[in-house]
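Shown next, in structure tokens, is the structure this report addresses.
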Amino acid sequence: MIKKIVFSGIALAVLLGVFIVARVWLFSPEDGIKRVSIPEGVHDPAEWGKAYPLQYQGYLKNREMAPSPTGFGGSEKTQKAVMEPANLMNFKGMGFSKDYTEDRGHPYALEDLRETERLTPKTTGACMTCKTAQIGGIFKDKGWAYARTPLTDLLPTLKHPITCSNCHDPKTMNLRVMNPAFIEALAKKGIDVRKASRAEMRSYVCGQCHVEYYFEPETYRVVFPWNKGLQPEQMYAYYAEKPAGFTQDWVHPDSQTKMLKAQHPDYETWSTGTHGMAGVACADCHMPFLRESGRKYSSHWVTSPMRTVEESCRTCHTQSKDWLMARVKTTQRHVWDMQLRAGSTVSRAHEAIAKAAADSRVNGAELENARELLRRAQWYWDIVSAENSMGFHNPAQVLNTLGQSVDLAHQAIATANRAVSASHGK
Ligand code: HEC
Ligand code: HEC
Ligand code: HEC
Ligand code: HEC
């Protein structure tokens, strides 16, 4: 009798367990979308689309190249230097002065990598880390060796840009990250990505690519400079501590200054901003929930949230669509104005140092001080300019960073002038 009760108790518990797993795993109770297991290594989004048509339709919209509703950003492939001529001077002597375009949708990532005029025969595999869903398999096969393999050897094997498997585990459809550099950067901070909550994953999937990074010399490993923190000053302090030559991205031909090129720190900038601190995830704004015949699903058109103010913003904000649009535009206009001022002041610092260096009586030590000030000034301008939201992700911090850039660039000019006039006095 007791045996029977225990037995049926166990049977009941097993049944209940199966039921719960099936509901949570296969039929997410929240969205009612049936999960289908897709084999690892299938990267063609059309294959995934057979099981998930709504998400696939959204993904295909990433090929649309509409201008941004705010007038900043957008998906057209325009050269940034047209709007901000200081780029030509500030990036002189390196690839970004030849070709530096506005970003486009995820399906273009490989095409744009193939077409960029910044590619040279020396470009290595590290560059494809954030451009293809195949990175997971490649890293599994080769480890970090892929990063120093010439890109020209790897490109013919790359068929798929950023697709579903960059963000989803194909078996469960749970969110996942696959960029090894991101996983390592978080591990160094004591964070195990595998244990992240769903809410954290809604930003981590983006943070694996939309970040500042550099390639380690020799190995070309992709590294995020996060050991001291994610703010511009902290990342600069990280680079400043590296041995001479380590951070020498390129030497500016006019000012002979060892420069750093900033990448796109969307994740870092967001993380200390109003929304990041309040736990509002990238996906909350950029992949809002939509409805189709009563079913709730995530928009997979990863674009400007200002196209979907109702779904992206008004889930939390009670203000009108026009009010929210006006706030965003006001922030962006102020940031754009300061960014132009910082960029052109930095350009003038390159000129002032070049002029001082050409004077035979220049004080060399003072000139080096001017160069260090310029290196920092340009980094502070660039880390904002390379960010994609024109300040919206963190208005207060971004304006502070640009303010520091202008101040440092003026100090660089004054120091360069002094380097000449001081020696004249001798
Ligand atoms: C850039 C990252 C990213 C890419 C690429 C991506 N997704 Fe998603 N997907 C998400 C996020 C974020 C969610 C929301 C998950 C959550 O909140 O748990 C999501 C949710 C889903 C869901 C759950 C239901 C829903 O809509 O919320 C399905 C199904 C899905 N995606 C399918 C796809 C398919 C199919 C593709 C490729 C055509 C794809 N995803 C590409 C990030 C991505
Ligand atoms: C595997 C790397 C990767 C992941 C993951 C990723 N992105 Fe991107 N994203 C890129 C690259 C690279 C581009 C630029 C592509 C180009 O210009 O060819 C881009 C472009 C964009 C754009 C510009 C689109 C346009 O039409 O101008 C937005 C917005 C964006 N990403 C947001 C996100 C958000 C939000 C997430 C997370 C849900 C995310 N990305 C996840 C690498 C990634
Ligand atoms: C509170 C909402 C919100 C959150 C959260 C948010 N963004 Fe944005 N993002 C915006 C707005 C608004 C813009 C400016 C869009 C415009 O000018 O049309 C923007 C712009 C961008 C762009 C440039 C789009 C373009 O057209 O070129 C990228 C890329 C981007 N965000 C990525 C991210 C990433 C990655 C995260 C998380 C780390 C994130 N965003 C978090 C609201 C948000
Ligand atoms: C998940 C909730 C949530 C979403 C979605 C959200 N916000 Fe916010 N937003 C907040 C919170 C919380 C604050 C800070 C406290 C407050 O003002 O209520 C804030 C503050 C703001 C501020 C003032 C502070 C600043 O940084 O300028 C603006 C402007 C703003 N949001 C605009 C937007 C826009 C535009 C969108 C859509 C693209 C959006 N928000 C989406 C929650 C959200």
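Take the sequence shown: its position 57, counted from the start at 1, is 56 in numbering that gives the first Met the number 0, and no numbers get skipped.
The C-beta atom is built at its ideal place from N, Cα and C for all residues, glycine as well.
Nearest candidate by alpha-carbon position, reference V130, set A357, M276, H105, Y219: In the sequence on display, residue 130 carries Lys and not Val. Out of A357, M276, H105, Y219, H105 has the C-alpha closest to the C-alpha of K130.
Straight-line Cα distance separating T100 from M127: The alpha-carbon atoms of M127 and T100 are separated by roughly 17 Å.
Alpha-carbon spacing of F214 relative to C281, whole angstroms: So the two alpha carbons sit approximately 26 Å from each other.
beta-carbon K130 near ligand 2 non-hydrogen atom, thresh 7 Å: It does: the Cβ of K130 is within 7 Å (strictly closer) of some heavy atom of ligand 2.
Alpha carbon of N399 to alpha carbon of T344, nearest angstrom: In a straight line, the C-alpha of N399 is about 16 Å away from that of T344.
Own chain, CB closer than 6 Å to D248, minus 5 neighbours either side, in chain order: Once the five neighbours on either side are set aside, the close Cβ partners of D248 are M258, L259, K260.
Near ligand 3: V279 beta-carbon under 7 Å from a heavy atom: At least one heavy atom of ligand 3 is found less than 7 Å from the C-beta of V279.
Y237: CB within 7 Å of a non-hydrogen atom of ligand 3: Not so, every heavy atom of ligand 3 lies at least 7 Å from the Cβ.
Cβ-Cβ separation, H349 to M88 (assumed contact under 8 Å), whole Å: About 6 Å; that satisfies the 8 Å criterion.
Residues that E291 bridges to, as DSSP identifies them: Answer by DSSP bridge pairing, in chain order: R294.
Spatial neighbours of G272 in its chain, beta-carbon cut-off 7 Å, leaving aside the 5 residues before and after: Cβ within range, chain order: H392, N393, Q396.
Within 8 Å, strictly: CB atoms of V204 and V176: Yes. Within cutoff.
Under the three-state DSSP convention, the category Y238 falls into: Correct three-state label for Y238: helix.
Cα-Cα separation, Y296 to K158: Their Cα atoms are separated by approximately 28 Å.
Extent of the continuous alpha helix (DSSP H) to which W300 belongs: Per DSSP, W300 lies in no alpha helix (DSSP H) segment and is marked neither H nor E.
Exposure of H316, with buried meaning 16 or more beta-carbon neighbours within 10 Å: Around the beta carbon of H316, fewer than 16 other beta carbons sit within 10 angstroms, so the residue counts as exposed.
Distance cut 7 Å, beta-carbon to ligand 4 heavy atom: residue list by chain order: Taking each Cβ in turn, the ones that pass are G272, T273, H274, A277, V279, D283, C284, P304, M305, V308, S311, C312, T314, C315, H316, L323, R326, V327, T330, P394.
Residue burial classification, A408 (beta-carbon count within 10 angstroms, cutoff 16): It is buried - the Cβ of A408 has at least 16 other Cβ atoms within 10 Å.
Per-residue DSSP class, three states only, for H409: Reduced to three states, the DSSP call for H409 is helix.
Three-way DSSP call (helix, strand, coil) for A418 in this model: Residue state, collapsed to three classes: helix.
Where R294 falls, given that 16 or more other Cβ within 10 Å makes a residue buried: Exposed, since its Cβ has fewer than 16 Cβ neighbours within 10 Å.
Cα-Cα separation, A356 to W380: Straight-line Cα distance between these residues: approximately 23 Å.
I412: CB within 7 Å of a non-hydrogen atom of ligand 1: It does not: the Cβ of I412 is nowhere closer than 7 Å to a heavy atom of ligand 1.
Bridge partners - L174, DSSP secondary structure assignment: For L174, the pairing in a beta bridge is given by DSSP as H167.
Residue environment, R375, which counts as buried when at least 16 other CB atoms sit within 10 Å: R375 should be labelled buried.
Three-state secondary structure assigned by DSSP to Y203: Three-state result, Y203: helix.
Residue span of the alpha helix (DSSP H) that contains Y55, given as start and end: Run containing Y55: 52-59, per the alpha helix (DSSP H) assignment.
contact_flag[the region 54-64, the region 218-225] where n(CB pairs < 8 Å) is 3 or more: Between the region 54-64 and the region 218-225 there are fewer than three inter-stretch CB-CB distances shorter than 8 Å, so the stretches are not counted as touching.
Where Q262 falls: helix, strand or coil (DSSP): Coil at Q262, not helix or strand.
Euclidean distance between Cα positions of E199 and M337: Here the alpha carbons of M337 and E199 stand approximately 32 Å from one another.
Sequence-distant residues of the same chain with beta carbon closer than 7 Å to I346, five excluded per side: It should be noted that the sequence gives Ser, not Ile, for residue 346. Within the same chain, and ignoring the five residues on either side of S346 in sequence, the residues whose Cβ sits closer than 7 Å to its Cβ are A85, M88, N89.
For P149, the three-state DSSP class (helix, strand or coil): Strand, per DSSP.
Closest by C-alpha distance to P38, when choosing among A146, K170, Q318: Taking P38 as reference, the option from A146, K170, Q318 with the minimal CA-CA separation is K170.
Per-residue burial, M276 [other beta carbons within 10 Å of its own, 16 or more giving buried]: Exposed, by the Cβ-count rule.
Sheet register partners of W249 (DSSP bridge): Residue pairing for W249: DSSP places it in a beta bridge opposite M258.
Buried or exposed by the 16-neighbour rule on C-beta atoms within 10 Å, applied to P242: With fewer than 16 Cβ atoms within 10 Å of its Cβ, P242 is classed as exposed.
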